[in-house]
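Undergrad: Got a structure for you, questions after.
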Amino acid sequence: MLKHFSYLRLLLLFLLLLLVDGSVGHFTRDADNTVGDMLLRQRAQQRPASDDIVIVDIDQKSLTALMGELGNWVWPRSVYAEMLEGLDAQQPRAIVFDLLFNELDVFRPDSDQALQQVAPQHPHAYFPSTLLADGRGPVVSTLPASLGLKAVQGADPGLRSPLLLPIVLPQESWRGGLINFDSEADGIGRHYLLGADIARGWRMPSMPARVGADLGWKIPDGERIRLNWTHGHKHVSFSDIYLDFNREHRQRPADEFKNKIVLIGTAAPGLQDLRATPLSTIYPGIGILATAFDNLEHGDWLRDTPPWLAPVVTAALLILLWLGFLRSVNTLWLGGALLLVSLAIVAGSYSLLQKQIYWPIGSSLGWAWGYYVLSALLAYLTEKLHREQAVQLFGRFLDRRVVKQLVETGQIDDAKRAETREITILFSDIRGFTTLSETRPPEYIVNLLNRYFNRQVEIIFRHGGTLDKFIGDAIMAFWGAPVQDADHAKHAVAAAIEMSRDLEAFKRELTDLGAEFEIGIGVHTGKAVVGFIGSDAQLSYTVIGDTINLASRIEGQTKGVSRLLVSEVTRDACHDAFEFVDHGSHSVKGREQAVRLFEPRPKINEEGQ
């Protein structure tokens with residue numbers, strides 16, 4: 001009962017923590033992100049990127065190939081003017097720069113002028129802006145319409161905007177949007193902005209949202225989308241395109257970029273446009289931008305499941321586990337079942353990803369496995385304590401191996417319950433002990449008794465008996481409880497015979513007292529009440545009933561007849577396991593009818609042994 005109450009308290013604690021986590025804590029979000037990122041990586045390997053989007057990559061190859069002609073990075077902006085004209089001639093749907101043009105080139109003003117002259121001629125070219133951390137950008141009223149700002153009711157045109165703008169270009173060419181990619185608390189970015197409030201009442205779209213709107217895509221409401229990652233978009237080295245544009249006879253197809261969305265950016269590690277994403281901790285920013293374009297074009301960004309789903313699944317798992325532990329289901333079976341359920345949940349989450357639905361499952365699995373581990377530990381410690389208590393309790397009466405058997409077979413709880421059983425009782429008493437004790441020092445007598453009892457109890461345990469008690473110089477033991485034993489009479493008689501035989505060896509060790517030391521053993525079989533009897537302070541596992549009294553009386557009849565006597569009932573219960581010498585009927589105290597007594601002896605085999 002205490003264990004079951006502990007399971008309930010643990011469940012209530014977990015449910016309370018789950019409530020706190022869902023409302024204010026969010027301390028299991030990392031688990032959701034970790035598992036979700038793992039599934040997204042796996043899904044991305046199977047998900048091809050759109051052919052409509054091509055990345056013109058300023059990669060390491062380009063930096064090396066153009067070093068002789070253009071020098072080290074940063075390149076003159078006339079290069080982009082040439083690239084813009086060459087690409088636009090192939091009629092792409094959009095040319096998007098993922099490069100900032102926020103600072104004038106004071107050393108090469110002619111280069112800036114080349115781009116300034118070309119950019120207005122290409123209405124399908126887009127140039128990025130970013131948000132400033134300090135918010136000290138230009139006043140909103142001074143910004144051109146080409147930025148695509150949207151005002152809502154109460155918008156104040158006198159506010160400053162937190163924008164880093166492409167001031168190298170004429171304002172009519174500031175067509176574009178924000179390219180900010182924000183990381184979450186763990187430093188990994190998973191969403192892309194659709195727009196941002198740059199000042200009170202003023203909103204600016206992100207680059208993918210701006211281009212998508214111009215191309216007629218359906219842009220969702222909201223501030224951001226959860227990115228649905230792909231295997232990777234087509235990359236073409238910037239230097240390959242640029243050098244081909246400057247050849248007299250071009251080698252590349254003249255319509256290579258027709259109807260494409262061309263993104264110009266860099267994946268070169270040295271240019272430091274690398275971000276942490278679910279796919280990699282060093283993922284190129286141009287690849288992130290391409291993913292956002294891809295998602296918006298096809299409408300396949302990830303939709304989050306309802307916020308109530310994860311807590312409901314978690315609570316259901318916790319309650320099912322609680323019921324399992326409450327009903328004492330095997331811990332390994334429960335663990336196996338939880339593993340199967342966990343795998344099913346992972347498979348379900350992955351399946352939903354294929355339908356553009358993101359189901360965070362890490363926290364649900366974490367809560368469930370946390371409850372399982374703690375409950376399993378509680379079950380183990382409780383069972384261990386239960387075993388130790390059982391061994392301590394029954395170890396006084398039974399062989400430790402028998403106690404272990406009771407615990408391992410689950411009979412220990414049954415053994416604690418009082419019941420009526422058929423058992424066999426053995427009484428053994430030392431003859432003339434009073435006289436013996438009067439002639440020897442007390443220390444000698446105690447040592448003598450301990451040596452004798454140790455030998456006799458070892459024999460009782462060896463034959464599967466239960467030690468009831470020592471009554472002065474007498475031993476009381478029984479067979480048939482708490483361990484079920486169909487041959488309890490045989491085992492009791494076998495123990496009695498060995499006790500008698502061992503006495504001879506013990507007497508030889510005593511030398512001077514050998515002749516004086518004698519015992520009597522009485523054995524009887526019958527029904528008795530077995531169980532723990534006593535007070536809360538002191539309990540003993542014992543037997544009560546008339547069967548015990550008769551066994552004691554039989555032991556009293558041994559003097560002058562035989563060292564070992566058993567009742568007729570015990571003889572019949574042994575069948576033909578022993579030879580029995582009939583010593584006739586005897587009157588015993590407390591019984592009107594005489595009791596027939598027998599002396600058991602080991603059977604003699606054909607060799608006479």
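Using the UniProt record's numbering, read the sequence shown as starting at 1 and increasing by one per residue. For each residue, glycine too, the CB sits at the ideal point set by N, CA and C.
#1: Does the stretch 590-604 touch the stretch 559-568, meaning 3 or more C-beta pairs lie closer than 8 Å?
#2: Output the distance between the C-alpha atoms of L70 and P76, rounded to the nearest integer angstrom.
#3: If contact is defined by three or more beta carbon pairs under 8 Å, each pair taking one atom from either stretch, is the stretch 217-231 in contact with the stretch 298-305?
#4: Whose C-beta lies closer than 6 Å to the C-beta of D88 among residues of the same chain, with five residues either side of it excluded?
#5: Where does S364 sit, in a helix, a strand or coil, going by DSSP?
#6: Any contact of the stretch 111-126 with the stretch 157-172, i.e. 3+ C-beta pairs under 8 Å?
#7: Going by C-alpha distance, which of S141, A151, A145 and W174 is nearest R160?
#8: Once the 5 residues before and after L503 are set aside, which same chain residues still bring their CB inside 7 Å of it?
#9: Considering only residues of the same chain and omitting the five flanking positions on each side of I459, which have a CB-CB separation below 7 Å?
#10: Relative to the C-alpha of S540, which candidate in N549, V530 and D546 has its C-alpha closest?
#11: Whole angstroms are fine: how far does the CA of P220 sit from the CA of I53?
#12: On the premise that Y350 lies in contact with L39, defined as a C-beta separation below 8 Å, what is that separation, rounded to the nearest angstrom?
#13: Quick check: the Cα distance between K218 and L165, rounded to an integer number of angstroms?
#14: If you measure between the beta carbons of V523 and L385, is that distance less than 9 Å?
#15: Here's the rule: buried if 16 or more other CB atoms are within 10 angstroms of the residue's CB, otherwise exposed. What is P162?
#16: Just to confirm my understanding: we take A551, look at its own chain, exclude 5 residues before and 5 after, and list those with CB closer than 6 Å. What are they?
#17: Output needed for H191: all residues of its chain with C-beta closer than 6 Å, excluding positions within five of it in sequence on either side, in chain order.
#18: Give the DSSP bridge partners of G526, in chain order.
#19: Helix, strand or coil for R226 per DSSP?
#20: Considering only the beta carbon of each residue, do D110 and S363 sit closer than 9 Å?
#21: Using 10 angstroms around the beta-carbon of I361, count the other beta-carbons present and answer buried if the total reaches 16, otherwise exposed.
#22: Determine the burial state of M67: buried for a count of at least 16 other Cβ atoms within 10 Å of its Cβ, exposed for fewer.
#23: Quick one: grab the DSSP three-state call for E516.
#24: To the nearest angstrom, how far is it from the Cα of S50 to the Cα of T230?
#25: Going by DSSP in three states, S280 sits in which element: helix, strand or coil?
#26: Given G36, which residues of its chain have a CB within under 6 Å of its CB, disregarding the five upstream and five downstream residues?
#27: So, with DSSP's three-state summary, where would you put K234?
#28: To which residues of the same chain is S6 closer than 7 Å at the C-beta, ignoring the five residues directly before and after it?
#29: Using DSSP's beta-bridge definition, name the partner residues of I596.
#30: Can you tell me whether DSSP reads E85 as helix, strand or coil?
#31: For my contact list, V569 and S585 are in at a C-beta cut-off of 8 Å; report their separation, rounded to the angstrom.
#32: By the DSSP assignment, the alpha helix (DSSP H) with P205 in it spans what residues?
#33: Checking the sheet assignment: what are the DSSP bridge partners for K150?
#34: By a C-beta neighbour count over all protein chains shown, 10 Å radius and 16 as the cutoff for buried, is L339 buried or exposed?
#35: In three-state terms, what does DSSP make of W479?
#36: Could you compute how far the alpha carbon of R252 sits from the alpha carbon of F238?
TA: This is what the structure gives:
#1: Touching, yes, given that three or more Cβ pairs across the two stretches are closer than 8 Å.
#2: As a position in the sequence shown, residue 70 is number 70, starting the count at 1. As a position in the sequence shown, residue 76 is number 76, starting the count at 1. A direct Cα-Cα distance of roughly 7 Å separates L70 from P76.
#3: Because the criterion of three Cβ pairs below 8 Å is met, the stretch 298-305 and the stretch 217-231 touch.
#4: The residue given as residue 88 occupies position 88 in the sequence shown. The residues are H122.
#5: Within the sequence shown, numbered from 1, the residue matching residue 364 stands at position 364. Look at S364 here: in three-state DSSP terms it is helix.
#6: Contact check between the stretch 111-126 and the stretch 157-172: three or more CB pairs, one atom from each, fall below 8 Å, which counts as touching.
#7: The count along the sequence shown starts at 1 and reaches residue 160 at position 160. Proximity to R160 across S141, A151, A145 and W174 peaks at S141, based on C-alpha coordinates.
#8: Reading the sequence shown from its first residue, position 503 is the one you call residue 503. I519.
#9: Here the question's residue 459 lines up with position 459 in the sequence shown. Scanning its chain for C-beta atoms nearer than 7 Å, with the 5 sequence neighbours on each side dropped, one finds around I459 the residues A495, E498, M499 and D502, in chain order.
#10: Residue mapping note: residue 540 aligns to position 540 of the sequence shown, counting from 1. For the options N549, V530 and D546, the alpha carbon positioned closest to that of S540 is the one of V530.
#11: As a first step, residue 53 is located in the sequence shown; it is residue number 53 there, counting from the start. As a first step, residue 220 is located in the sequence shown; it is residue number 220 there, counting from the start. Cα to Cα, the separation comes out at about 20 Å.
#12: What you label residue 39 is simply residue 39 of the sequence shown in a count that begins at 1. What you label residue 350 is simply residue 350 of the sequence shown in a count that begins at 1. In this structure, L39 and Y350 form a Cβ contact; the two beta carbons are roughly 5 Å apart against a cut-off of 8 Å.
#13: Within the sequence shown, residue 218 is the residue found at index 218, counting from 1. Within the sequence shown, residue 165 is the residue found at index 165, counting from 1. The alpha-carbon atoms of K218 and L165 are separated by roughly 26 Å.
#14: Locating residue 523 in the sequence shown gives position 523, counting from the first residue. Locating residue 385 in the sequence shown gives position 385, counting from the first residue. Cβ atoms of V523 and L385: not closer than 9 Å.
#15: Against the sequence shown, residue 162 aligns to sequence position 162. Counting Cβ neighbours within 10 Å, P162 comes out buried, since at least 16 surround it.
#16: By 1-based counting over the sequence shown, the position of residue 551 is 551. Closer than 6 Å at the Cβ level, and outside the excluded window around A551, lie I425, F427, G522 and H524.
#17: Taking the first residue of the sequence shown as position 1, residue 191 is located at position 191. So the list reads R224 and R226, once near-sequence residues are dropped.
#18: Counting from one through the sequence shown, the residue named residue 526 turns up at place 526. DSSP output for G526 lists I423 as bridge partner(s).
#19: Mapped onto the sequence shown, residue 226 falls at position 226. Strand.
#20: Against the sequence shown, residue 110 aligns to sequence position 110. Against the sequence shown, residue 363 aligns to sequence position 363. Going by beta carbons, D110 and S363 fall outside the 9 Å limit.
#21: For the purposes of this step, residue 361 is taken as the residue at position 361 of the sequence shown. Label assigned to I361: buried.
#22: The count along the sequence shown starts at 1 and reaches residue 67 at position 67. By the 10 Å Cβ count, M67 comes out exposed.
#23: The residue you call residue 516 lines up with position 516 of the sequence shown. Reduced to three states, the DSSP call for E516 is coil.
#24: Translated into positions along the sequence shown, residue 50 becomes position 50. Translated into positions along the sequence shown, residue 230 becomes position 230. Rounded to the nearest angstrom, the gap between the Cα atoms of S50 and T230 is 9 Å.
#25: Taking the sequence shown and counting its residues from 1, the one referred to as residue 280 is at position 280. Here S280 sits in coil by DSSP.
#26: What you label residue 36 is simply residue 36 of the sequence shown in a count that begins at 1. Residues of the same chain with a CB within less than 6 Å of the CB of G36, apart from the 5 flanking positions on each side, are P360 in chain order.
#27: What you label residue 234 is simply residue 234 of the sequence shown in a count that begins at 1. In this structure, K234 counts as strand in the three-state DSSP scheme.
#28: Start at 1 with the first residue of the sequence shown, and residue 6 comes out as number 6. Excluding residues within five positions, the ones whose Cβ falls inside 7 Å are L378.
#29: Residue numbering aside, residue 596 sits at position 596 when the sequence shown is read from its first letter. Going by the sequence as given, residue 596 is Arg instead of Ile. DSSP lists S585 as the bridge partner or partners of R596.
#30: Along the sequence shown, read from residue 1 onward, the residue named residue 85 stands at position 85. Correct three-state label for E85: helix.
#31: Within the sequence shown, residue 569 is the residue found at index 569, counting from 1. Within the sequence shown, residue 585 is the residue found at index 585, counting from 1. About 14 Å separates the two Cβ atoms, so there is no contact after all.
#32: The count along the sequence shown starts at 1 and reaches residue 205 at position 205. Segment W202 to P205 is the beta strand (DSSP E) holding P205; no alpha helix (DSSP H) there.
#33: Within the sequence shown, residue 150 is the residue found at index 150, counting from 1. Note: K150 sits in a beta bridge opposite R203.
#34: As a first step, residue 339 is located in the sequence shown; it is residue number 339 there, counting from the start. Note on L339: under 16 other CB atoms within 10 angstroms of its CB, so exposed under the neighbour-count rule.
#35: Mapped onto the sequence shown, residue 479 falls at position 479. If DSSP states are grouped into helix, strand and coil, W479 belongs with the strands.
#36: Taking the sequence shown and counting its residues from 1, the one referred to as residue 252 is at position 252. Taking the sequence shown and counting its residues from 1, the one referred to as residue 238 is at position 238. Spanning the two alpha carbons is a distance of roughly 13 Å.
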